[in-house]
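J.:
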Amino acid sequence: METKKYDYIDALRGVAVLAVLLVHCALFGTNTPNHPLFAAVVQQGARGVQLFYVLSALTLYLSMGSRARQEQHPTLNFFLRRFFRIAPLFYCAILYYLWQDGWGPRAWLGDAPAVTLPQVLSTMSFSNGWNPRWINSIVPGGWSIAVEMSFYLILPLVFLWVNSLQRAVWLVALTTLGAVAFVLWFGRHPLIPEASLWADFLFLAFPTQLPIFAMGIVLFFLLRTPQADPLSSAPSRAWLLLLTVGLLVARLLFGDLVPNYLCFGVVFVLLTYALSLYPIRLLVNPLTIYAGKISYSMYLTHFAVLHLMTHLHLTDFIMQPGLSPGLLNYALRYLTLLGLDLLVATTTYHLIEKPGMALGKRLIASLEKPQPTSLVTAAG
18 METKKYDYID ALRGVAVLAV LLVHCALFGT NTPNHPLFAA VVQQGARGVQ
68 LFYVLSALTL YLSMGSRARQ EQHPTLNFFL RRFFRIAPLF YCAILYYLWQ
118 DGWGPRAWLG DAPAVTLPQV LSTMSFSNGW NPRWINSIVP GGWSIAVEMS
168 FYLILPLVFL WVNSLQRAVW LVALTTLGAV AFVLWFGRHP LIPEASLWAD
218 FLFLAFPTQL PIFAMGIVLF FLLRTPQADP LSSAPSRAWL LLLTVGLLVA
268 RLLFGDLVPN YLCFGVVFVL LTYALSLYPI RLLVNPLTIY AGKISYSMYL
318 THFAVLHLMT HLHLTDFIMQ PGLSPGLLNY ALRYLTLLGL DLLVATTTYH
368 LIEKPGMALG KRLIASLEKP QPTSLVTAAG
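Numbering (the numbering used here), first residue to last: 18 to 397.
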């Protein structure tokens, strides 16, 4: 992908991680505003994960088409690329957070007494996303990595079948129905006794999040030119607009019956499409672009930074009660978190992420190297 042309994608990754920092920053310290509007805005920072998913599906579709035509082993290379992109830093995060938090009980374990070796191995294989007690109990926020890796497993098949805007819209519709069925069925038939933990798991689980990835695939076909995609017909675009309007109207009419994360997914598709046409500087600027480039490191390290800030007494700067002092205190805490996390993430990006990706590239290059042909000379 051309770097400058796709700056808006890096910038939106930056926006996504900055949003995630908003919600987690509010979990630390004591003087945080107790105001419903503030709480509502900050809590929706968690939707940054869904923005990551939309962008992930988009960028993978952007790269898979060209590589499929250029490589001898595109599917194997895809899995190798994704593993060496994700695993090195994630494995370091597993080691770090086990050191920081220990192996003892924690909220995400439910009634389980401790982290176990099978749980660690499951987390290393990214299969922990299918276990309600394991999905998020070692690496904070690690649930989204497990979900992302589950998407990678099916993406080569999805890429073969979903090759037009029409099919992408169908994928959104089918996965949305599947997500609703998954939540309704397992909501009535829980597999563990802890009700709140089970409810959280049902939201975080891959089947629930899959429609968001599908929206990212729709976005890919929207961004393609009509000449390059003759299957992206006017009827397909009309149905897409109707589906979008229907989802947003249903949200207005039926409230919580329509999950807001799906509406956010639609908003993120429209936002990305808009920025592809005109990269507004408020969102596409050097800070967001740089944060986007190191967003994976920022995501995995920001809880460690918040832990450090707590021990260094850097979470509360103003203890005066009231809305204005609380807002100022939160702003100072957030800016401190942002500055420190940018520093830490820059370090881990260069020391862990880049070498991991380089190792993957070398392995792929060795697999793609043309085999020497032996010349057989006929006698006689």
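Yeah, the Cβ is synthetic: ideal placement off N, Cα and C, and Gly gets one too.
Using the three-state DSSP reduction, which class does K378 fall into: helix, strand or coil?
T.: helix
J.: Inspect the CB distances between the segment 27-35 and the segment 302-314 and report whether three or more fall short of 8 Å.
T.: yes
J.: Should the segment 160-178 be regarded as contacting the segment 65-85, the criterion being three or more beta carbon pairs within less than 8 Å?
T.: yes
J.: Quick one, which of I103, L170, W120 has its alpha-carbon nearest L93's?
T.: For L93, the nearest C-alpha among the options comes from L170.
J.: Output the boundary residues of the alpha helix (DSSP H) element that contains H367.
T.: Looking at the DSSP string, H367 is not in any alpha helix (DSSP H), and its letter there is neither H nor E.
J.: Give me the Cα-Cα distance between A43 and Q87, rounded to the nearest whole angstrom.
T.: 47 Å
J.: Under 8 Å by Cβ, that's how I've got G127 and L219 pegged, so tell me the actual separation to the nearest angstrom.
T.: In fact, because the Cβ distance is near 14 Å, the residues do not count as touching under 8 Å.
J.: Go through its chain and collect everything with a Cβ distance to V393's Cβ below 7 Å, but skip five positions before and after it.
T.: Note that V393 scores 46 on pLDDT, short of 50, meaning its location in the model is unreliable and no value can be drawn from it.
J.: Please report the distance separating the alpha-carbon of H41 from that of P387.
T.: 49 Å
J.: Could you tell me which whole alpha helix (DSSP H) segments of length 4 or greater appear in the segment 169-246?
T.: 182-205, 212-221, 223-240
J.: Could you tell me the boundaries of the alpha helix (DSSP H) in which K386 lies?
T.: Per DSSP, K386 belongs to no alpha helix (DSSP H) and is neither H nor E.
J.: Thinking C-beta only, is L138 closer than 7 Å to E370?
T.: no
J.: Out of G233, L323, A321, point me to the one whose CA is closest to V284's CA.
T.: G233
J.: Answer yes or no: does any C-beta atom of chain B fall closer than 7 Å to that of F281?
T.: The displayed structure is made up of one protein chain only, and chain B is not part of it.
J.: Quick check on DSSP: helix, strand or coil for A396?
T.: Here the model assigns A396 a pLDDT of 44, short of 50, so the residue's position is not dependable and the matter cannot be decided.
J.: What whole-angstrom Cβ distance do T289 and V71 have, given they're in contact under 8 Å?
T.: 7 Å
J.: Can you tell me whether E88 is helix, strand or coil according to DSSP?
T.: coil
J.: Check this for me: beta carbons of L77 and G62, under 7 Å apart or not?
T.: Cβ distance not < 7 Å, so L77 and G62 don't count as in contact.
J.: Hey, how far is the Cα of P149 from the Cα of F143?
T.: 13 Å
J.: Specify the secondary structure class of K22 as computed by DSSP and reduced to three states.
T.: If DSSP states are grouped into helix, strand and coil, K22 belongs with coil.
J.: Could you please give the first and the last residue of the uninterrupted alpha helix (DSSP H) stretch that includes N277?
T.: Counting along the chain, the unbroken alpha helix (DSSP H) around N277 starts and ends at 277-294.
J.: Tell me, to the nearest whole angstrom, how far the beta carbon of G146 is from that of A222; I am working on the premise that it is less than 8 Å.
T.: 7 Å
J.: Inspect the beta-carbon positions of F199 and G373 and report whether they are closer than 7 Å.
T.: no
J.: Can you confirm whether the segment 108-126 touches the segment 171-179 when touching is taken to mean that 3 or more C-beta pairs between the two stretches lie within less than 8 Å?
T.: no
J.: Buried or exposed, going by whether 16 or more other CB atoms sit within 10 Å of the CB of A245?
T.: For A245, the predicted model reports a pLDDT of 48, less than 50, meaning its position is unreliable and no value from the coordinates is stated.
J.: List the whole-angstrom C-beta distance separating T353 from L317, where the pair is believed to meet the contact cut-off of C-beta under 8 Å.
T.: Incorrect: roughly 19 Å between the Cβ atoms, too far for contact.
J.: At 4 residues or longer, what runs of the alpha helix (DSSP H) sit wholly inside the segment 99-146?
T.: As far as the segment 99-146 is concerned, its whole alpha helix (DSSP H) runs of at least 4 residues are 134-141.
J.: Mind checking W202: buried by the 16 CB within 10 Å criterion, or exposed?
T.: Under this definition W202 is an exposed residue.
J.: Return the CA-CA distance between G339 and L357, expressed in angstroms with no decimal places.
T.: 27 Å
J.: Tell whether a beta-carbon distance below 7 Å holds between A190 and F238.
T.: No; because the gap between Cβ atoms is not below 7 Å, this pair is not in contact.
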